[in-house]
Structures are given as structure tokens and as C-alpha cells.
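Colleague: To convert, take the position in the sequence shown, counting from 1, and add 101; that gives this note's numbering. For each residue, glycine too, the CB sits at the ideal point set by N, CA and C. None of these values were measured; they are calculated from a predicted model. Dropping the structure in here first, questions after.
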Amino acid sequence: MTTAGPGTTSDPALRGLFFEVTTLSGTDLSVQIGALRLANPLIAASGCFGYGVEYADAVDLSSLGGVAVKGLFLKEREGHPPERIVETPAGMLNAIGLQGIGVHRFVREKLPELRRLRATVIINICGSTLDEYVELARILSDAEGVAALELNISCPNIKEGGITFGCSLPGTFDVVSAVKKVTPLPVIPKLTPNVTDVASFARASEEAGADAVSLVNTFLAMAIDIETRRPKLSNIVGGLSGPAIRPIAVRMVYECRRAVKIPVIGMGGIASARDALEFIIAGASAVQVGTANFVDPFIWSKLLDGIGEYMRRHNVARIADLVGTIDTTSREKQWISS
Ligand SMILES: Cc1cc2nc3c(=O)[nH]c(=O)nc-3n(C[C@H](O)[C@H](O)[C@H](O)COP(=O)(O)O)c2cc1C
């Protein structure tokens, strides 16, 4: 069982709320992502968990499979002006515009604390140019306490770079191979769902030497105030996340898993253990949880409890054995052959 109880938080007001997420007895939750071994398949998704340290009073970061920090550019960025977030049925629309403190401040101010908290840190990096990705990868490879690099080539909220690479097969190949050349860290391109054939982008990533792929980033979307006839977001368009996108994301994970041999990390609308298991059965070796953090920051122990309960009920000793076990045999075929 996971334990939910008083932990080692520094803030007395939060002490009773602190949740420690521990290994479930009798089940092996560890997963392998390239050379990286994660204690369990649950990773906090980039942009939905700050730099991790902000959540340290609520969640024992060392007990998560990993923490993907907010996307980092070389320099600090202000992002877009408000309105930057709009609630939608079963989801949210955001156009933050990758606001952030930049890589140098991150390495100085946040990384030492993440090291102290023994978090498995995945750095989400963003660039306006290929050289910027390369420079970021160099800097972070020299920093102590980075477990992997997630290449954000899929953010729909910036004008240059990013998604421009992620929407072009040669662009994806080039950025992944350029980063691979300069870093010993596992490289995980994060794919956009805003393409016709996402599996071909997983293939281009694999051919370029990626250690895994993660998907999906948000779906390009918009919302309009009908009274003023103005877009609800200052950026006019934004990215849709949350339960609304889950079935499309599950389908994309399934397609990528069939297309490549490298591990696939799945995300999009996960809000319960059942959702996480759906991605794992579709082919995700690990999953990321984003928007659900805004609804319930204590979601992690519930997810682990639910996954453990499922594994015991289905006699699954190792979570890794569940990955991609979807049975697509048609009922009709079974009936004919029996
Ligand atoms: C407010 C917000 C900020 C985000 N920022 C980033 C980011 O910096 N880098 C990135 O790769 N993805 C970012 N994402 C995308 C999420 O990491 C995730 O891919 C997406 O939201 C789908 O997962 P979810 O439905 O569980 O949120 C952001 C999403 C939201 C909602």
C-alpha cells in the first residue's frame, strides 16, 4: 500500500497534508527508459508542476518516477500577457508562452534543491533555433543532478522554433541528432499531436538516436467570448489539455508504440489510475500527469494505489509486463475460430 501521512515538510501548516508515495509491497513498479531506471512509471508533466520544488511540501519528490520541469530556454522569458488560461468542458486551454527563469538561474537556484530532495529530474528544453537546443543540452550535461532531457519541439504557444521542428520530419531528425551528439544524457523528444501521422515523427526521432519519445503536448485550440466576439486568450489560440484529449492521446501512443522500438512515454488527460493504466496497456512505458495536478496536487498516491490494486487483481508482478499488452484480436475472429 502507499502511505499517506505526516511527512518531513518544513511548513507546519502542511504537515498533516504531506503525502509520501512509497513502493507498493509485492509489485515491481520500476520501468526502464533507455539507460534511465525510474522507480515507478509516474512523471509530473512539464509546465504543470513548476520546477518541482514548489510541490515539495505536498509530495515526496523522490517517490515519483520523475519530475519534468517547466520548459527552459537559455534566457528568462516573460511569456504572454493575460488571459493565458481558459477553462473548457473536460479540459483547459493555455497560452502561457513558455514563461520561465532561463537555464542559468535554474541550474543555480532550483537544481541544488531538486538534488537535495532526490528527485529524478527531467529537463524540458525549448529553443528558437537548433543551436539553442544544443547549447542548452551542453549546459545541462555539465550540471549535476539531471537525469534526462525532454526536447520540447511541440509547444503550440511560441512563434519561432519549438513546434516548427516538431511539425517537420527533417526538423525533428536534425534537432534530435544534434542534441544527441553533445550529451550523454537520455534524450526524449516530446511530440506534438498537431500532425497527421504522429508515428512518423516517432520514427524520425528513433532514427536520429532518441532514447524514448514522449507524447502528447497540447492540441492547438481556441475559445471565443460570444458577447464581445473576442478570443478568450490574449494569444488568440492556445493548447488544449486535460480529459478532453485523452482518447486521442491514447490512440497516438498506441500508434507510436507499434512504429518504434524505443520506449514511449504517454500523457494527455490522465486523472485516475484507470487512465494511467489505459496508456500503459496501449504501449506507454511511463506516463506523465499534467492538468490533473491543478485539480488535485495529492493525486500521486491515489494513482499508485490504484495501479497497485489493479496489478494485484490481475496478478501482474511487474508493471513493465503490462506495457503494450492491448489485445486487439477481434471478437468475430475468436468466434469463428472457436
Ligand atoms: C499550463 C500548462 C503549461 C505547460 N507547459 C509546458 C512546457 O513548458 N513544456 C512542455 O513540453 N509541455 C507543457 N505543457 C504540456 C503538458 O506537459 C502536457 O503535455 C499536456 O498538458 C497534456 O497532458 P495533460 O492533459 O495531463 O495536461 C503545459 C501544459 C499546461 C496545461
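State buried or exposed for F136, treating a residue as buried only when at least 16 other CB atoms are found within 10 Å of its CB.
Modeller: At residue 136 the sequence reads Ala, which differs from the Phe that was named. A136 should be labelled exposed.
Colleague: Could you spell out where the alpha helix (DSSP H) holding A350 opens and where it closes?
Modeller: R347 to A360
Colleague: Should A383 be counted as a contact of ligand 1 given a C-beta to heavy atom distance under 6 Å?
Modeller: no
Colleague: At 4 residues or longer, and completely inside the segment 202-277: list those alpha helix (DSSP H) runs for me, N to C.
Modeller: 203-206, 212-217, 231-243 and 264-267
Colleague: So, helix, strand or coil for K282, using DSSP?
Modeller: helix
Colleague: Taking only the alpha-carbon atoms, compute the straight-line gap between T293 and A238 and give it to the nearest angstrom.
Modeller: Between T293 and A238, the C-alpha separation is close to 20 Å.
Colleague: Helix, strand or coil: how does DSSP classify I366 here?
Modeller: strand
Colleague: Measuring straight from C-alpha to C-alpha, what distance separates A140 and L405?
Modeller: 12 Å
Colleague: Please work out which residues of its chain come closer than 7 Å, Cβ to Cβ, to Y89, disregarding the five sequence neighbours upstream and downstream, and give them in chain order.
Modeller: Residue 89 is absent from the structure shown; the chain starts at 102 and stops at 439.
Colleague: Heavy atom of ligand 1 less than 6 Å from the Cβ of M368, yes or no?
Modeller: Yes.
Colleague: Within 10 Å of its beta-carbon, does E328 have 16 or more other beta-carbons around it, so buried, or fewer, so exposed?
Modeller: exposed
Colleague: Do G153 and A220 have their C-beta atoms closer together than 7 Å?
Modeller: yes
Colleague: Looking only at its own chain, which residues have a Cβ that is under 8 Å from the Cβ of L286, when we skip the five neighbours before and after it?
Modeller: Scanning its chain for C-beta atoms nearer than 8 Å, with the 5 sequence neighbours on each side dropped, one finds around L286 the residues A238, L241, S242, V247, A248, A249 and L250, in chain order.
Colleague: Between K362 and ligand 1, is the CB less than 6 Å from at least one heavy atom?
Modeller: Relative to ligand 1, the beta carbon of K362 is positioned no closer than 6 Å to any heavy atom.
Colleague: Closest to D173 by CA distance: which of H205, A421 and F395 is it?
Modeller: Inspection of the sequence shows that residue 173 is occupied by Leu rather than by Asp. Looking at the Cα atoms, H205 is the closest of the given residues.
Colleague: Which of the three DSSP states is assigned to D422 in this structure?
Modeller: helix
Colleague: For ligand 1, is there any heavy atom lying closer than 6 Å to the beta carbon of S51?
Modeller: Absent from the structure is residue 51, since the part of the chain shown begins at 102 and ends at 439.
Colleague: Please identify the residue among D298, E236, S315 and L316 whose C-alpha is closest to the C-alpha of K281.
Modeller: E236
Colleague: Does the Cβ of S431 have 16 or more other Cβ atoms within 10 Å, making it buried, or fewer, making it exposed?
Modeller: exposed
Colleague: Within 10 Å of its beta-carbon, does L330 have 16 or more other beta-carbons around it, so buried, or fewer, so exposed?
Modeller: Going by the sequence as given, residue 330 is Arg instead of Leu. Result: exposed.
Colleague: Using the three-state DSSP reduction, which class does G409 fall into: helix, strand or coil?
Modeller: Correct three-state label for G409: helix.
Colleague: Can we count G267 as close to ligand 1, meaning its CB is less than 6 Å from some heavy atom?
Modeller: The beta carbon of G267 sits no closer than 6 Å to any heavy atom of ligand 1.
Colleague: Would DSSP call E155 helix, strand or coil?
Modeller: Note: E155 maps to helix in three-state DSSP.
Colleague: Please list the terminal residues of the continuous beta strand (DSSP E) segment that includes N195.
Modeller: G192 to N195
Colleague: Take G339 and list the residues in its own chain whose beta-carbon comes closer than 6 Å to its own, dropping the five residues that flank it on each side.
Modeller: Around G339: L194, N195 and A196.
Colleague: Pairs of beta-carbons, one from the segment 173-193 and one from the segment 341-353, closer than 8 Å: are there three or more?
Modeller: The answer is yes - the segment 341-353 touches the segment 173-193, with three or more Cβ pairs under 8 Å.
Colleague: S431 by DSSP, collapsed to three states: which one?
Modeller: coil
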